[in-house]
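Residues 1 to 110 (the UniProt record's numbering) make up the sequence shown, in order.
All residues carry an ideal CB built from backbone N, CA and C; glycine is no exception.
Keep in mind that this is a model prediction, so the values were computed, not measured.
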Amino acid sequence: MRKNHYPLRGYIPTNRSKHNLKAHLILVCKYRKKLLQGDLNDFIKSVIDEIATQSHFIIIAMESDIDHLHLMVQYIPRMSISSIIAKIKQITTYRVWRDKRFIPLLQKHF
């Protein structure tokens with residue numbers, strides 16, 4: 001469970017309003033490949049945590065299965081859900097392929 005950085009029981013304050021928008025996101029591996037195991041799973045979760053700290057959304061909960069990842073995200077109205085998903089998918093893909101440890105595992109599948 002992640003800590004909420006905002007006061008008032010989960011409401012995010014802006015200039016003239018408070019928001020409590022949440023979304024349950026499910027991110028699936030390409031072709032439902034069973035890749036989210038061990039070091040790769042931990043690495044992807046840490047990358048997503050970094051993305052959330054640099055962006056305007058909070059990860060409330062994050063759980064993974066072998067072929068997909070569940071995220072409970074709290075965000076502000078200025079951000080769209082599609083932009084959150086795009087940012088997560090772009091940066092995690094780039095960082096995983098850049099890390100030399102995971103290239104042999106990924107080359108077996110793609």
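Residue i to residue j span [Cα, whole Å]
i: Ala86; j: Arg98; result: 18 angstroms
i: Pro104; j: Leu71; result: 27 angstroms
i: Gln90; j: Ile51; result: 11 angstroms
i: Asp42; j: Leu27; result: 15 angstroms
i: Arg78; j: Val96; result: 28 angstroms
i: Thr53; j: Ser46; result: 11 angstroms
i: Val73; j: Cys29; result: 19 angstroms
Cβ-Cβ separation, residue j to residue i (assumed contact under 8 angstroms), whole Å
i: Tyr75; j: Ile84; result: 6 angstroms
i: Tyr31; j: Asn20; result: Actually they do not touch by this definition, with Cβ atoms about 36 angstroms apart.
i: Leu36; j: Asp67; result: 7 angstroms
Residue-level contact to chain C via CB, residue i, 9 angstroms cutoff
i: Asp65; result: Structure shown: chain C not included; a single protein chain is present.
Pair within 9 angstroms by beta-carbon distance, residue i and residue j
i: Thr92; j: Ile48; result: yes
i: Ile60; j: Lys18; result: no
Spatial neighbours of residue i in its chain, beta-carbon cut-off 6 angstroms, leaving aside the 5 residues before and after
i: Ser64; result: Leu36 and Asn41
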